[in-house]
Amino acid sequence: MTQRCSGFVCLHIGAGYHSINKENLYINLCKKACMLGNKLLKEGNTCIDIVEKVCCFLEDSDLTNAGFGSNICQDGSIECEASIMESKSKRFSAVVCVKDLKNPIMLAKRLLCNQSDEHKLGLSPPMIWAGKGTKLKAVELGMKLIKNKSLRSMKAWEDFLSYQKNAQRLLGSRDTEDLHSEDSVTENGLEKLYTSKKKEDIKVGNQKDLQEKESERLDTVGVLCIDVYGEMASAVSSGGIAFKPPGRLGHTGQYGASCWAFQYSPCLKVASCTSGCGELLTQTNLAKSAADYSANNEILNFNSYLLNEFVHSQYISSSQMRLCGLLVAKFVNEDSDCFVDFHIAHTTDSFCIAFTTGEMKKPQVVMSRLNLKTKGPVSQGFLLKL
1 MTQRCSGFVC
11 LHIGAGYHSI
21 NKENLYINLC
31 KKACMLGNKL
41 LKEGNTCIDI
51 VEKVCCFLED
61 SDLTNAGFGS
71 NICQDGSIEC
81 EASIMESKSK
91 RFSAVVCVKD
101 LKNPIMLAKR
111 LLCNQSDEHK
121 LGLSPPMIWA
131 GKGTKLKAVE
141 LGMKLIKNKS
151 LRSMKAWEDF
161 LSYQKNAQRL
171 LGSRDTEDLH
181 SEDSVTENGL
191 EKLYTSKKKE
201 DIKVGNQKDL
211 QEKESERLDT
221 VGVLCIDVYG
231 EMASAVSSGG
241 IAFKPPGRLG
251 HTGQYGASCW
261 AFQYSPCLKV
271 ASCTSGCGEL
281 LTQTNLAKSA
291 ADYSANNEIL
301 NFNSYLLNEF
311 VHSQYISSSQ
321 MRLCGLLVAK
331 FVNEDSDCFV
341 DFHIAHTTDS
351 FCIAFTTGEM
361 KKPQVVMSRL
371 NLKTKGPVSQ
381 GFLLKL
């Protein structure tokens, strides 16, 4: 393969609220992950290998809601999701409701690579694997299974107990253990955990007190990469929303909602990844929509884009808070001129991202926070020569 550029890696550690007290911890995690990405770029690794390895690094940290330390379901178990997509073949692969793997992104990546083998057998290769099927496939591929409880972190367990108490209070005299039964999932009281009481509060940001925000951990870490060969990949991994019912499917495993990597023309590729409220990201198909917007417009305004296509989207009718974070990278490769037009945008209180190129000595980290005066989405753009 011919080297075409220096390469690019960017990542985020979830949209939500990042405590100011822990800001240095978040920044250092992003720096280390980006340094790993930089090293892998210089070694000539492919984009799908790079996003997998960097995503694994983030999954292993208890600061993220992915892999170890993920949010805990109502029944005390942990169910993870991960997906990956690459621009060259336009293939997508995802695993959902995964309980027995330390790094679900590793299985998603292996299944992506195996799709070409399925084609050779004349079979239609599955894109998405769920529940027990992920366990059986992981064993078939020689991956090590672990005990579900080993994915728990102390912080996630403390948050789980707090959500249990809140749910019991909202449901009145019902026993908290009843929350684990199927008929309790749709109770009006439990729905209050997920929806806003005031419709005028739905736009952006979290209208919560500091104590609630400290435990706010929305879903999905994400990684984008342009390798030195000019190909792109996107990967995401998530532990899902806090106190979710077992079996709940977030946006991470859904095509077009979580990650996107696509070649729009011989000299134009775009990759994106999203984080936030999975149901809303799925309804708006935000990852694909944002990439399409980037590919079809020279001048990009992601503040306006999020207002039109997410906050005021015609596809959303619920009164849920419009919570999302978005990374989009547009790679233009014309003759010897290669550059990436990279944007971040979010409606959550904060969004921590980092990026590097193969030539940067140090990664750049951005802890973006909402402007309390404007009360609208926040976005930033970067133009980098590769």
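Residue numbers for the sequence shown follow the numbering used here, so the first one is 1 and each next one is one higher.
Think of the CB as a built atom: it goes at the ideal place given N, C-alpha and C, for glycine as much as any other residue.
Given this structure, state the Cα-to-Cα distance separating residue i from residue j, to the nearest angstrom.
i: leucine 370; j: asparagine 148; result: 36 Å
i: phenylalanine 302; j: valine 139; result: 42 Å
i: arginine 110; j: cysteine 225; result: 18 Å
i: leucine 249; j: leucine 171; result: 24 Å
i: serine 89; j: alanine 82; result: 19 Å
i: valine 332; j: histidine 346; result: 24 Å
i: valine 378; j: arginine 322; result: 13 Å
i: methionine 360; j: glutamate 52; result: 21 Å
i: serine 234; j: leucine 40; result: 15 Å
i: glycine 122; j: cysteine 47; result: 27 Å
i: serine 336; j: cysteine 10; result: 22 Å
i: asparagine 24; j: leucine 36; result: 18 Å
i: leucine 392; j: leucine 306; result: Examination of residue 392 is not possible in this model, given that the chain is present from 1 through 386 alone.
i: isoleucine 50; j: alanine 94; result: 17 Å
i: lysine 22; j: methionine 154; result: 16 Å
With a Cβ-Cβ cutoff of 8 Å, do residue i and residue j count as a contact?
i: isoleucine 78; j: isoleucine 105; result: no
i: cysteine 412; j: alanine 130; result: There is no way to answer for residue 412, as the model of the chain reaches only from 1 to 386.
i: threonine 348; j: glutamate 309; result: no
i: serine 272; j: leucine 326; result: yes
i: histidine 251; j: glycine 278; result: yes
i: methionine 143; j: tyrosine 255; result: no
Could you say which of the options lies nearest to residue i if we only look at CA atoms?
i: isoleucine 344; options: Gly358, Asp337, Ala329, Glu334; result: Ala329
i: cysteine 267; options: Lys375, Tyr229, Val221; result: Tyr229
i: methionine 1; options: Asp227, Asp335, Leu58; result: Asp227
i: threonine 58; options: Ala156, Ser237, Lys362, Arg91; result: According to the sequence shown, residue 58 is leucine rather than threonine. Per the Cα distances, Ser237.
i: serine 70; options: Arg169, Leu101, Ser116; result: Leu101
i: serine 275; options: Cys324, Ser6, Ser153, Leu141; result: Cys324
i: alanine 257; options: Ile50, Asp292, Lys244; result: Asp292
i: valine 270; options: Leu25, Lys288, Ser319, Ala167; result: Lys288
i: lysine 244; options: Asp335, Ser116, Gln164; result: Gln164
i: arginine 152; options: Ala167, Leu136, Gly142, Lys99; result: Lys99
i: proline 246; options: Ile72, Trp157, Leu136; result: Ile72
i: tyrosine 17; options: Ser368, Leu383, Gln168; result: Ser368
Across which residues does DSSP place residue i in a beta bridge pair?
i: threonine 274; result: Leu326
i: tryptophan 129; result: Val95
i: cysteine 225; result: Val9, Ala233
i: leucine 268; result: Ser265, Val332
Quick check: the region 340-354 against the region 25-32, are there 3 or more CB pairs under 8 Å? The region 340-354 is in contact with the region 25-32.
For the 8 Å Cβ check, are there 3 or more pairs between the region 333-340 and the region 299-317? no
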